[in-house]
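Report on one structure; see the data block that follows.
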Amino acid sequence: MEHAKYIKRAMALARKSSGFTSPNPMVGAVLVKRGRIIAEDYHKAPGTPHAEALVLEHAGSKAEGASLYVNLEPCCHTDKRTPPCTGAIISAGVKRVFAAMKDPNPKVSGEGIRELRRAGVAVVCGILEAEAGKLNEAYCKYITQGIPFVTLKVAMTLDGKIALPSGESRWITGERSRKLVHHMRSSVDAVLTAIGTVRADNPELTARIRGGKDPKRIVIDPSLDIPDGYKILDVPPETIIVTERSIGDRRIEELSGKGVKFIFYRGTL
Numbered sequence: 005m006e007h008a009k010y011i012k013r014a015m016a017l018a019r020k021s022s023g024f025t026s027p028n029p030m031v032g033a034v035l036v037k038r039g040r041i042i043a044e045d046y047h048k049a050p051g052t053p054h055a056e057a058l059v060l061e062h063a064g065s066k067a068e069g070a071s072l073y074v075n076l077e078p079c080c081h082t083d084k085r086t087p088p089c090t091g092a093i094i095s096a097g098v099k100r101v102f103a104a105m106k107d108p109n110p111k112v113s114g115e116g117i118r119e120l121r122r123a124g125v126a127v128v129c130g131i132l133e134a135e136a137g138k139l140n141e142a143y144c145k146y147i148t149q150g151i152p153f154v155t156l157k158v159a160m161t162l163d164g165k166i167a168l169p170s171g172e173s174r175w176i177t178g179e180r181s182r183k184l185v186h187h188m189r190s191s192v193d194a195v196l197t198a199i200g201t202v203r204a205d206n207p208e209l210t211a212r213i214r215g216g217k218d219p220k221r222i223v224i225d226p227s228l229d230i231p232d233g234y235k236i237l238d239v240p241p242e243t244i245i246v247t248e249r250s251i252g253d254r255r256i257e258e259l260s261g262k263g264v265k266f267i268f269y270r271g272t273l
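Structural data, given as structure tokens:
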């Protein structure tokens with residue numbers, strides 16, 4: 005099916021920005037005319053042009069009468085850093101819009117589709133909807149529930165072990181799994197771990213892949229036991245420590261001087 009082919013292309017483009025668009029969704033756009041792609045692009049980062057605006061700019065006057073394929077309903081709200089895409093689509097004379105799914109953002113939620121239809125643009129929505137939802141599952145959860153999407157990473161042997169009886173750690177995962185972990189790190193905003201793991205493994209928690217993005221590191225350390233010399237304190241990017249210790253504590257001042265940030269709490273987590 006031709007429509008599914010172009011939607012898949014839009015999703016492939018969107019994936020190129022994995023880890024860089026938060027809190028925005030990943031969106032790719034493909035502009036087709038007379039069975040040929042005349043422009044394609046994707047949203048790069050918050051505050052930058054949306055995918056739809058980019059392809060319309062690339063196509064110029066050729067966009068008139070064309071079909072636009074996107075993996076998410078075009079936005080229509082104005083309370084943001086970039087103009088709404090629906091207005092640009094209408095002004096460019098796009099004839100048809102094919103979207104994989106509605107935008108779950110309450111500020112859009114079908115209104116982008118209705119606005120396009122009121123202007124005479126034919127809209128079809130729901131092509132490869134489940135696949136599109138999976139692509140932006142973190143965005144969908146945050147925008148509808150106001151809480152982050154959490155991925156649990158656990159490495160263990162087939163019999164449920166994570167270390168030797170002595171407590172000594174050894175590689176359990178293979179090269180393929182370790183590469184996948186780095187891609188996962190690059191796709192998220194932050195990696196959360198506890199002080200026990202930091203002391204045992206001295207990890208960097210960076211994404212060591214070409215073109216990847218290093219996530220923020222969050223360490224749960226109630227008593228602020230992390231000693232100097234650990235990679236997570238000396239290797240970029242940002243490290244955040246969750247602790248019971250109070251502002252004014254000398255250790256907090258020392259770590260703040262290294263660029264460490266803190267979240268303070270009382271009671272149990």
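The opening residue of the sequence shown carries number 5 in this note's numbering; numbering runs sequentially from there. Note that CB positions come from ideal geometry on N, CA and C, so glycine has one too.
Segments of 3+ residues assigned as beta strand (DSSP E) that fall wholly inside the segment 56-89: 71-74
Whole-angstrom distance between S26 and D193, CA atom to CA atom: 7 Å
Member of S191, G178, L60 and T210 whose CA lies at the smallest distance from the CA of T155: S191
3 or more residues per run - each beta strand (DSSP E) lying fully within the segment 89-167: 100-103 and 126-129
Stretch-stretch touch, CB-based, cutoff 8 Å, three pairs: the segment 225-235 with the segment 37-49: no
P88 versus K183 - alpha carbon distance: 38 Å
Opening and closing residue of the alpha helix (DSSP H) in which V239 lies: Taken as a continuous stretch (DSSP letters only), V239 belongs to no alpha helix (DSSP H), as it is neither H nor E.
Cβ neighbour criterion (16 or more within 10 Å) applied to H187: exposed
C-alpha gap between I267 and V246, whole angstroms: 5 Å
Alpha carbon of S65 to alpha carbon of L196, nearest angstrom: 48 Å
Distance, D238 Cα to P219 Cα: 15 Å
C-alpha distance - S21 paired with R221, whole-angstrom precision: 20 Å
Spatial distance of I262 from G233 (CA atoms): Correcting the residue identity first, residue 262 is Lys in this sequence and not Ile. Those two C-alpha atoms are separated by around 11 Å.
Distance CB(I67)-CB(V31) smaller than 8 Å: Residue identity differs from the one stated: residue 67 is Ala in this sequence, not Ile. Not in contact: A67 and V31 (Cβ atoms no closer than 8 Å).
Terminal residues of the beta strand (DSSP E) in which K262 lies: Element bounds for K262: n/a, residue is neither H nor E.
For D232, three-class secondary structure by DSSP: coil
L209 vs A8 beta-carbon contact at 8 Å: no
Exposure of A167, with buried meaning 16 or more beta-carbon neighbours within 10 Å: exposed
Run of the beta strand (DSSP E) containing G32, from where it starts to where it stops: G32 to K37
Reduced DSSP category for E44 - H, G, I as helix; E, B as strand; rest coil: strand
Cβ shell of V202 (< 8 Å), same chain only, five flanking positions each side left out: V223, D225, I230, Y234 and I236
Given 8 Å, three or more beta-carbon pairs between the segment 114-125 and the segment 147-162: no
N-terminal and C-terminal residue of the alpha helix (DSSP H) that T201 is part of: I199 to D205
Cβ contact (3+ pairs, closer than 8 Å) linking the segment 41-50 and the segment 92-105: no
The alpha helix (DSSP H) enclosing I11, as first and last residue numbers: E6 to R19
Cα-Cα separation, P108 to C144: 6 Å
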